[in-house]
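Participant: To start, I am sharing the structure in question, which I have written as structure tokens.
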Amino acid sequence: MNKDAIAEYFPDGDFIEFFFRKPDIEYYAEWLNPFVTLLRSQETDEIVGGIIEQVGTVMKKAQEDK
Numbered sequence: 001m002n003k004d005a006i007a008e009y010f011p012d013g014d015f016i017e018f019f020f021r022k023p024d025i026e027y028y029a030e031w032l033n034p035f036v037t038l039l040r041s042q043e044t045d046e047i048v049g050g051i052i053e054q055v056g057t058v059m060k061k062a063q064e065d066k
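If you count by full-length UniProt numbering, then the sequence shown holds residues 1 to 66, one letter each, in order.
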């Protein structure tokens with residue numbers, strides 16, 4: 001794993017934002033579906049990170065379905 005990779009959970013928005021390296025470049029968001037957004041380099045279009053939405057909701061539902 002890249003030592004510069006970072007991830008943070010934001011409980012107020014119930015999402016995880018992560019980067020494969022330090023987010024010191026300009027990037028844009030590419031929405032895939034209600035749960036996943038890719039973050040891409042503006043210069044190369046390379047995927048540099050992402051956002052996973054509704055994490056708590058999905059985890060709660062998974063526990064209920066056990």
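Glycine included, each C-beta is placed from N, C-alpha and C at the ideal position.
All values reported here derive from a predicted model rather than from experimental measurement.
Based on the DSSP output, what are the partners of Arg-21 in its beta bridges?
Facilitator: Partner(s): none; Arg-21 has no beta bridge.
Participant: What residue from Tyr-28, Ala-5, Arg-21, Thr-37 has the CA that sits closest to Gln-54's CA?
Facilitator: Thr-37
Participant: Check the Cβ-Cβ distances between Asp-12 and every residue of chain C, and say whether any is below 9 angstroms.
Facilitator: Absent from the structure is chain C; it holds one protein chain and no more.
Participant: Give the single residue among Gln-42, Phe-20, Gly-56, Ala-62 whose Cα lies nearest to the Cα of Val-48.
Facilitator: Phe-20
Participant: Would you say Ile-16 and Ile-52 are within 9 angstroms of each other, going by their C-beta atoms?
Facilitator: Contact: yes.
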